[in-house]
Amino acid sequence: MNKRIFIEKKADFDFESRGLFHELKEIYPLKSLKVYLIYDIFDISEEEFRQTLHTIFADKVTDIFHEENPAEQPCFAIEYLPGQYDQRADSAQQLIAILTKNTCCSIRTGKLYEIQGLTDISGIKNYLINSVDSREKDLSKLENTPSEKPDQVEIYDGFIDFDPAQLTDFYNQNSFAFGPDDLEFIQKYFQEIRRNPTETELKVLDTYWSDHCRHTTFMTELTDIRFEGKFKNTLEKIFNQYLSIRKELNREDKPISLMDLATVVGRYFHKTGKLNDLVVSDEINACTIEVEVDIDGKKEPWYLLFKNETHNHPTEIEPFGGASTCIGGAIRDPLSGRAFVYQAMRVTGSGNPLESYKETLPGKLPQRKITKEAADGYSSYGNQIGLATTHVSELYDEGYKAKRMEVGMVVGAVPQDWVRREKPAEGDRIIVLGGKTGRDGVGGATGSSKAH
Numbered sequence: 002m003n004k005r006i007f008i009e010k011k012a013d014f015d016f017e018s019r020g021l022f023h024e025l026k027e028i029y030p031l032k033s034l035k036v037y038l039i040y041d042i043f044d045i046s047e048e049e050f051r052q053t054l055h056t057i058f059a060d061k062v063t064d065i066f067h068e069e070n071p072a073e074q075p076c077f078a079i080e081y082l083p084g085q086y087d088q089r090a091d092s093a094q095q096l097i098a099i100l101t102k103n104t105c106c107s108i109r110t111g112k113l114y115e116i117q118g119l120t121d122i123s124g125i126k127n128y129l130i131n132s133v134d135s136r137e138k139d140l141s142k143l144e145n146t147p148s149e150k151p152d153q154v155e156i157y158d159g160f161i162d163f164d165p166a167q168l169t170d171f172y173n174q175n176s177f178a179f180g181p182d183d184l185e186f187i188q189k190y191f192q193e194i195r196r197n198p199t200e201t202e203l204k205v206l207d208t209y210w211s212d213h214c215r216h217t218t219f220m221t222e223l224t225d226i227r228f229e230g231k232f233k234n235t236l237e238k239i240f241n242q243y244l245s246i247r248k249e250l251n252r253e254d255k256p257i258s259l260m261d262l263a264t265v266v267g268r269y270f271h272k273t274g275k276l277n278d279l280v281v282s283d284e285i286n287a288c289t290i291e292v293e294v295d296i297d298g299k300k301e302p303w304y305l306l307f308k309n310e311t312h313n314h315p316t317e318i319e320p321f322g323g324a325s326t327c328i329g330g331a332i333r334d335p336l337s338g339r340a341f342v343y344q345a346m347r348v349t350g351s352g353n354p355l356e357s358y359k360e361t362l363p364g365k366l367p368q369r370k371i372t373k374e375a376a377d378g379y380s381s382y383g384n385q386i387g388l389a390t391t392h393v394s395e396l397y398d399e400g401y402k403a404k405r406m407e408v409g410m411v412v413g414a415v416p417q418d419w420v421r422r423e424k425p426a427e428g429d430r431i432i433v434l435g436g437k438t439g440r441d442g443v444g445g446a447t448g449s450s451k452a453h
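Dropping the structure here:
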């Protein structure tokens with residue numbers, strides 16, 4: 002059978018409704034607001050449902066269970082877009098499989114909002130529904146969204162024979178994040194090997210050559226450099242020192258870029274013997290240095306690893322997911338270096354989170370929504386992986402209203418004799434581990450890399 006149920010928190014435990022009411026009443030003249038959790042449950046027997054009702058879906062102490070919509074008008078519901086990862090639904094499905102052995106049951110979740118005191122609730126809908134990951138739920142239907150069967154991978158016939166005008170049309174049709182010159186370079190490569198590329202190959206290149214992965218903004222050559230304002234003298238002094246170091250390192254033939262500015266001192270220290278504890282390896286992504294650790298009075302050689310991640314644009318458009326994957330993006334690299342990650346740091350930049358909703362810039366989310374949901378997203382990921390964030394700094398300035406700043410950093414450590422460094426070789430097998438985290442797939446990193 003298929004079934005829809007509504008779960009209401011008892012008054013003493015309904016923190017979500019109270020918190021959202023106090024947040025929204027500063028914007029709209031509400032009298033009350035109530036949030037209900039919705040479960041759409043598919044392919045479950047009556048016996049299995051009764052067995053799991055008060056163990057998975059509702060707590061007898063804190064919850065009230067409804068089989069019919071308990072909300073009075075006006076009300077509306079929100080659900081994730083099809084394919085968007087729904088952690089609550091995934092957890093419920095796994096628990097049902099454990100308790101009942103039913104592995105065919107599937108679940109979709111949503112939230113129902115009951116509003117009192119307003120006749121026009123369109124503004125609240127706009128505030129609560131982020132079209133990047135969610136949509137309004139149609140409560141008149143109870144149907145499971147079938148999984149889409151992937152199409153056969155397309156081969157772009159004729160690609161290597163495109164003239165410049167055809168290549169430009171192809172570029173525009175596919176909304177690539179890399180530039181037209183990148184596509185010309187790719188075409189020349191496939192012309193040399195005398196075959197047309199597949200859709201997968203171009204999408205993978207688009208991902209790996211995106212700003213998210215390749216840091217094309219930081220790698221952009223800087224040719225017209227001027228300093229102005231009250232820090233002019235200080236910045237010129239620093240820049241001249243940078244030019245002097247470049248000359249000493251024989252890097253004057255390399256383009257001047259933000260990436261070179263950021264890394265030249267490390268290169269200089271390494272060359273001059275002031276960075277002898279740096280670990281150099283083909284497979285290192287997180288910065289790794291050698292340290293001595295006191296273990297019960299005995300000195301042991303360890304590796305210390307650290308990595309930072311910026312998720313400014315993802316957090317701007319999808320605050321919870323952007324901030325949560327900011328810390329997730331940072332942690333993956335010391336983990337892949339075989340280290341135990343034990344502490345983190347978070348630095349953010351936001352406009353005034355107390356500003357009126359009416360002052361939100363066109364096409365943007367409210368600063369309050371970004372700030373609150375980003376904090377929830379970061380803490381959610383950190384709590385799930387057991388990572389302590391020992392420093393949080395939130396900066397508020399009007400300059401961040403145009404674009405959010407979201408920076409995370411993690412630190413990890415591991416005994417040196419636990420790590421074996423090797424080089425990949427032809428014939429090696431690759432094991433990919435992980436779970437579904439979103440509907441964006443291979444293009445997930447490119448959205449924040451396009452020129453806007």
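Residue numbers (my numbering): 2 to 453.
Glycine included, every Cβ here is placed at the ideal spot set by N, Cα and C.
**OP:** Under 7 Å Cβ to Cβ from Asp398, same chain only, skipping five residues before and after it: list those, please.
**Re:** Gly350
Subject >> CB-CB length for His55 against Lys61, believed under 8 Å >> reply: Right, their Cβ atoms sit about 5 Å apart.
Original post:
CB Ser258 to CB Phe219, shorter than 9 Å?
Top reply: yes
Original post:
What is the DSSP secondary structure of Pro416, counted as helix, strand or coil?
Top reply: strand
Original post:
Based on Cα-Cα distance, which residue from Cys214, Ile39 and Lys255 lies nearest to Leu223?
Top reply: Taking the Cα of Leu223 as reference, the smallest distance to any Cα among Cys214, Ile39 and Lys255 is reached at Lys255.
Original post:
What does a CB cutoff of less than 6 Å around Thr199 pick up in its chain, not counting 5 residues either side in sequence?
Top reply: Val154 and Ile156
Subject >> Segment limits, alpha helix (DSSP H) that includes Gln94 >> reply: Gln88 to Thr101
**OP:** Going by CA-CA distance only, name the one from Ser18, Ser132 and Gln385 that's closest to Lys365.
**Re:** Looking only at Ser18, Ser132 and Gln385, the smallest Cα-Cα distance to Lys365 is reached by Ser132.
Original post:
Name the DSSP bridge partner or partners of Pro302?
Top reply: Glu293
Original post:
With distances taken between CB atoms, is the gap from Ala324 to Tyr269 smaller than 9 Å?
Top reply: No.
**OP:** Give a yes or no on whether the C-beta atoms belonging to Thr146 and Pro83 are separated by under 9 Å.
**Re:** yes
Subject >> Whole-angstrom distance between His216 and Leu355, CA atom to CA atom >> reply: 33 Å
**OP:** Could you check which residue in Gln368, Glu80, Leu276 and Ile42 has the C-alpha nearest to that of Glu137?
**Re:** Glu80
**OP:** Inspect the CB distances between the region 337-346 and the region 402-420 and report whether three or more fall short of 8 Å.
**Re:** Yes: at least three Cβ pairs fall under 8 Å.
Subject >> Reference Val205; option with closest CA among Arg109, Gln192, Phe179 and Glu193 >> reply: Phe179
Original post:
Is it buried or exposed for Thr53, if we count other Cβ within 10 angstroms and need 16 for buried?
Top reply: buried
Original post:
Applying the criterion that 16 or more other CB atoms from any shown protein chain within 10 Å of the CB defines a buried residue, is Asp392 buried or exposed?
Top reply: Checking the sequence, you will find His at residue 392 rather than Asp. When all chains shown are included, His392 counts as exposed.
**OP:** Return the chain-ordered list of same chain residues with a C-beta closer than 6 Å to the C-beta of Ile42, the five sequence neighbours on each side being excluded.
**Re:** Result list for Ile42: Lys4 and Ile108, in chain order.
**OP:** Please go through the region 95-160 and give each complete beta strand (DSSP E) segment of 3 or more residues, from N-terminal end onward.
**Re:** 107-117 and 135-137
**OP:** Look at Asn286 and Ser245 and say whether their C-beta atoms are less than 9 Å apart.
**Re:** no
Original post:
How is the alpha helix (DSSP H) around Asp64 delimited, first residue to last?
Top reply: Taken as a continuous stretch (DSSP letters only), Asp64 belongs to no alpha helix (DSSP H), being part of the beta strand (DSSP E) at Asp64 to His67.
Subject >> Element boundaries [beta strand (DSSP E), containing Glu482] >> reply: No information on residue 482 is available, as it lies outside the stretch 2 to 453 that the chain covers here.
**OP:** Note down the Cα distance separating Glu374 from Arg430, rounded to an integer number of angstroms.
**Re:** 40 Å
Subject >> Nonlocal neighbours in the same chain, by C-beta distance under 7 Å from Asp183, ignoring five residues either side >> reply: Trp210
**OP:** Take the Cβ of Pro425 as the centre, count every other Cβ of all protein chains shown within 10 Å, and call the residue buried at 16 or more, exposed below.
**Re:** exposed
Original post:
From Gly383, Phe22 and Gln417, pick the residue whose C-alpha is nearest to that of Met119; which is it?
Top reply: It should be pointed out that residue 119 corresponds to Leu in this sequence rather than to Met. The shortest C-alpha separation from Leu119 is found at Phe22.
Original post:
Roughly how many whole angstroms lie between the Cα atoms of Lys404 and His312?
Top reply: Straight-line measurement puts the Cα of His312 at about 11 Å from the Cα of Lys404.
Original post:
Under a three-way DSSP split, which group does Phe194 fall into?
Top reply: A small correction: the amino acid at residue 194 is Ile; Phe does not occupy that position in the sequence shown. Note: Ile194 maps to helix in three-state DSSP.
Subject >> Complete alpha helix (DSSP H) runs within the region 358-387 (minimum length 4 residues, chain order) >> reply: 368-385
Original post:
Mind checking whether Asn175 and Leu203 have CB atoms under 9 Å apart?
Top reply: Yes.
Original post:
How many whole angstroms separate the CB atoms of Ile8 and Tyr37, which I take to be in contact at a CB cut-off of 8 Å?
Top reply: 7 Å
Original post:
What is the DSSP secondary structure of Glu249, reduced to helix, strand or coil?
Top reply: In this structure, Glu249 counts as helix in the three-state DSSP scheme.
Subject >> DSSP three-state assignment for Leu25, whether helix, strand or coil >> reply: Residue state for Leu25 is assigned as helix, using DSSP reduced to three classes.
Subject >> Through-space distance from Tyr190 to Ile226, alpha-carbon basis >> reply: 34 Å
Subject >> Enclosing alpha helix (DSSP H) for Ser325 [first to last residue] >> reply: Pro320 to Ser337
Subject >> Gly428, enclosing beta strand (DSSP E) - first and last residue >> reply: Element bounds for Gly428: n/a, residue is neither H nor E.
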